[in-house]
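Reviewing the structure listed below.
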Amino acid sequence: MTPKKKRFYIIFSAFSFFCFIVGTFLIILQDNILFFYTPSEILQKNLKQNEKVRLGGLVEENSVVRNNIKINFTITDLKKNIEVSYEGILPDLFREGQGVIVNGYLKNNIFEASEVLAKHDENYMPPEIKKKLELK
Amino acid sequence: MVAIIGNISLIFAILLSFYQFLNIRNINKIRVLNPDRNISLQFFFILTAFFSLMFAYVVSDFSILNVYQNSHTAKPLLYKITGVWGNHEGSMLLWVLVLVFFGFLISRYDKRLDLPYKTLTLSFQSLITFIFLLFILLSSNPFVVISPTPVNGQDLNPLLQDPGLAFHPPNLYIGYVGLSIVFSFTIARFYKGSFDASWAKLIKPWVLLSWSFLTLGISLGSWWAYYELGWGGFWFWDPVENASLMPWLCATALLHSTLVLEKRNTLKKWTILLAFLSFSFSLIGTFLVRSGIITSVHAFASDPTRGVFILMICAFFIFSSFILLAKKSGSIKEEKLISPISKEGTIIFNNLLMVAMLLTIFIGTIYPIFLEMFTGDQISVGPPYFNLTSTLIMGPAILIMSFAPMINWKKDDLVGLLSRLKTILFLSLLVTFIFFYINFQGPIIALVGIFLAAWLFFGTLFNFFEKTKYLKKLKNLNKTFLGMIVAHLGVAIFIAGVTGSTLWKVEKIKTLKVGEKVLLNNYSLNFDKIKKIRGKNYIGHEAEFNLYKKNKFIKTLKPQKRFYPVQEFPTTEAAIYSRGLSDIYIAMSEPIDNSWIFRFHYSPLTPWIWIGSIMAFIGGILSFSHRIFKRI
């Protein structure tokens, strides 16, 4: 093989290896995207069975009901409400009347959360919630 | 008064840095002006500004807006000091302090540089300083005064009131910003035009230093998240974490490619590209973190003008450096072709994998931002994406890493190599089998992790024994080689730690009354009492757990739930019992009636994550110290 040819093969194989990796990973990426909705949006969308999504809004006042580590509460965007059920430990900053994001599945109009995230900072509203709430 | 001193110092520093940058014009003159005095003065003024801000924090001078917003008289002294960089303005000042500190180090201690090259490098460093000082003065001045002076401050975010915070940002910044000096070294070299082995020798120690501190800074941050956030995890694939990992990956690639350049005088353009990319990613990291574009504990500010400003800085450096490279690349001659079975071949493989990982993380991190910009859809990319892709990439990287240092430069023979690998393979399989036998509850993939860790560990050790002729030739052992061994062993231990911590973790969430107990693996935890506590600026509850192993008392663990009244902010202080091989972790949640909710973790091998990281840091520093003291 001439050096030129050799070089071509090396570059070609490196490049195709690269494309292969990027391609594979884009497919993996497709499966791991969570869409973010507010309660009004989630009710309009026809979610697929078992489609994991993020739901964000405010925890409605006086909606938190505890039964040991099972917790039920309502997320509102001041227009529509969604009931959420969750099992586990709530983050430190989870509070009624404050912003919250949950990850999970919508089943029979009840949102089964696998994760509850609250904001890190008292003065700070997650921009994704803030923006959507301001639009209303 | 403090504000005046601070502002004047900043103004002096910005003028000096601009003046130093203008010196580039004089580089062709016969007598080049020595930059040492200018650089020292810049360092002096920034240091003055930094310490005046610190002074304002210590004496709680609330006439300064920044102090008012982030401090409180009741805050403990340590957090008054560390609070200086616990906010946007102060942390940018720290950024610039590290920037000029590196310039200072080069001008005073790096005796290997000739005067024109040194002047040029430091002039480019001054340009970076100038631009960042401009940013501070125009949009993030920490010395803004308010009147009338408030009686007390708003306090620092309690999550940040922790020893972990005291050391995480400075170390991380030394890493981040250290890459700036590598960038300046590279840009300045275009004037000379020869990117040869001697140039690789010049930048190598500084790449090593930045890399080491980046490693330390990232692991400190991860350690802090582990015990302070109460989730028991060490890595969350949060965009901010990714922002620090990207320059680290790039610097890792750069570290290894300079080796090829040094020994084989090739991969020149690639090394230049990596040097540019490393600094670009530390700028992009700064942009992601500081612009408020992503939600996180690090996103102090969400002032859009700042975001735009930092984005412009990023664009300026990235585009100008890449245009320079594109224009000049024709004049840079690469020398030799590379055989795949050779040390340089394996290093190229390492580089490809590092860059591939960098790209996948980059895509996962910025894709949501772009999608929202163009379609308005708000999405997030989940940890499974990052976990899967990084495992797929790091797997092969670790496989090669084990024997790569043993291979000869230029060309090695495959058969000979394979026969040397037999012992290593046998030992690693043995270890994997022992793990399987004594303690197996996790998924099969965990065994792969353990195998890889053992494979790397034994491979590195084997190499060490071969080089030292089975410890007979320890005396004239090369420190660079020793540094590599320590760092690679660190990575092996780290991999084992990550495997254990993510795949073997046992989690229990229980509601307990005083007197009840919980069983966790071979341990039993008795909930003994609960009491109220009161700290300097917080109140809260502390639980006491007595930890027993087979009825033998070991230790009392005291997790806390704190509440900081000034910011109306609760925090969780986890109690961790670490015994080298595993952690017992208790985080306290909230009360229900007479009982409390707790989260318990038994996480095997988790301490190894930090042990491995520290070893990698030590290895880097060993190698750095050897290289910087060796004159060319």
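Chains as they are written, first to last, in the numbering used here: chain C, 2 to 137; chain H, 971 to 1602. C-beta atoms are modelled at their ideal positions from N, C-alpha and C, and glycine is treated no differently. All of these numbers come straight from a predicted model, not from anything done at the bench.
With DSSP as the reference, identify every bridge partner of residue i, one or two as the case may be.
| i | result |
| --- | --- |
| G1510 (chain H) | H:I1503 and H:R1532 |
| L1219 (chain H) | Looking at the DSSP assignment, L1219 (chain H) forms no beta bridge with any residue, so it has no partner. |
| I1173 (chain H) | For I1173 (chain H), which the question treats as bridged, DSSP gives no partner whatsoever. |
| G1187 (chain H) | Answer is none; G1187 (chain H) lacks a bridge partner. |
| D1553 (chain H) | H:S1548 and H:S1573 |
| A114 (chain C) | C:Y87 and C:G105 |
| S1117 (chain H) | According to DSSP, S1117 (chain H) bridges with nothing at all. |
| G57 (chain C) | C:I102 |
| T3 (chain C) | BP columns for T3 (chain C) are empty, so no partner. |
| P1540 (chain H) | H:F1533 |
| R67 (chain C) | C:I72 |
| M1558 (chain H) | H:F1568 |
| K1239 (chain H) | Paired residues: none, contrary to the question. |
| T1481 (chain H) | H:I1567 |
| Y38 (chain C) | C:L56 |
| N1516 (chain H) | H:N1496 and H:T1526 |
| K1487 (chain H) | H:N1496 |
| T77 (chain C) | C:L59 and C:N82 |
| V1476 (chain H) | H:Y1572 |
| V1351 (chain H) | C:I34 |
For residue i and residue j, what's the separation of their Cα atoms in angstroms?
| i | j | result |
| --- | --- | --- |
| K1480 (chain H) | E84 (chain C) | 24 Å |
| G1053 (chain H) | K1528 (chain H) | 26 Å |
| N1036 (chain H) | G1505 (chain H) | 24 Å |
| T1222 (chain H) | A1586 (chain H) | 11 Å |
| L1172 (chain H) | T1228 (chain H) | 10 Å |
| F991 (chain H) | Q1095 (chain H) | 8 Å |
| A1271 (chain H) | I1106 (chain H) | Annotation note: pLDDT 45 at A1271 (chain H) (below 50); position unreliable, coordinate value reported separately. Cα-Cα distance, rounded: 14 Å. |
| L1387 (chain H) | F1432 (chain H) | 13 Å |
| Q1039 (chain H) | I1509 (chain H) | 21 Å |
| I1598 (chain H) | I1336 (chain H) | 37 Å |
| V1325 (chain H) | W1566 (chain H) | 47 Å |
| G1485 (chain H) | K1499 (chain H) | 7 Å |
| I1465 (chain H) | H1058 (chain H) | 34 Å |
| N82 (chain C) | F1332 (chain H) | 36 Å |
| G1123 (chain H) | M1024 (chain H) | 15 Å |
| Q45 (chain C) | E1342 (chain H) | 20 Å |
| L107 (chain C) | D32 (chain C) | 18 Å |
| L1085 (chain H) | N1004 (chain H) | 7 Å |
| F982 (chain H) | K1525 (chain H) | 56 Å |
| I1546 (chain H) | L1129 (chain H) | 18 Å |
| P1540 (chain H) | S1110 (chain H) | 29 Å |
| S1061 (chain H) | F1071 (chain H) | 15 Å |
| K1298 (chain H) | I1116 (chain H) | 51 Å |
What residues from chain C crowd round residue i, counting only those whose CB sits closer than 9 Å?
| i | result |
| --- | --- |
| R1569 (chain H) | G89 and I90 |
| G1200 (chain H) | I90, P92 and D93 |
| I1333 (chain H) | V23, F26, L27 and L30 |
So residue i packs on residue j, CB below 8 Å; how close in whole Å?
| i | j | result |
| --- | --- | --- |
| I1188 (chain H) | W1218 (chain H) | 6 Å |
| A114 (chain C) | G105 (chain C) | 4 Å |
| T1430 (chain H) | S1593 (chain H) | That pair is no contact at about 14 Å. |
| A1026 (chain H) | L1090 (chain H) | No, A1026 (chain H) and L1090 (chain H) are not in contact; Cβ-Cβ is about 37 Å, not under 8 Å. |
| T1156 (chain H) | F1246 (chain H) | 7 Å |
| K1238 (chain H) | S1312 (chain H) | Contact doesn't hold; Cβ gap of about 18 Å is too wide. |
Residue i touches chain C at which residues, Cβ-Cβ below 8 Å?
| i | result |
| --- | --- |
| P1540 (chain H) | D93 and L94 |
| S1559 (chain H) | I90 and L91 |
| I1562 (chain H) | R67 and N69 |
| L1322 (chain H) | A15, F18 and F19 |
Run through chain C and tell me which residues come within less than 7 Å of residue i, C-beta to C-beta.
| i | result |
| --- | --- |
| D1347 (chain H) | F36 |
| P1354 (chain H) | N33 |
| I1479 (chain H) | I70, G89 and I90 |
| L1358 (chain H) | I29 |
| G1365 (chain H) | Ordered by position in chain C, no residue passes the 7 Å Cβ test against G1365 (chain H), which lies about 12 Å from the chain. |
| T1330 (chain H) | F26 |
Give me the chain D residues within the contact set of residue i, using Cβ-Cβ distance strictly less than 9 Å, ordered along the chain.
| i | result |
| --- | --- |
| V1351 (chain H) | Of the chains in the structure shown, none is chain D; the protein chains are C and H. |
Could you name the residues of chain H that residue i contacts, counting a contact when the two beta carbons are closer than 7 Å?
| i | result |
| --- | --- |
| N82 (chain C) | Correct list: empty, because the minimum Cβ distance to chain H is about 20 Å. |
| I22 (chain C) | A1326 |
Every unbroken alpha helix (DSSP H) within the region 1377-1464 of chain H, with a cutoff of 4 residues, ordered by chain: 1384-1408 and 1414-1437
4-residue-minimum alpha helix (DSSP H) runs that sit fully inside the region 1076-1127 of chain H, ordered along the chain: 1085-1109
Alpha helix (DSSP H) runs contained entirely in the region 1282-1342 of chain H, provided each spans 4 or more residues: none
Within the region 974-1045 of chain H, ranges of the alpha helix (DSSP H) (whole runs, at least 4 residues): 1006-1028 and 1035-1040
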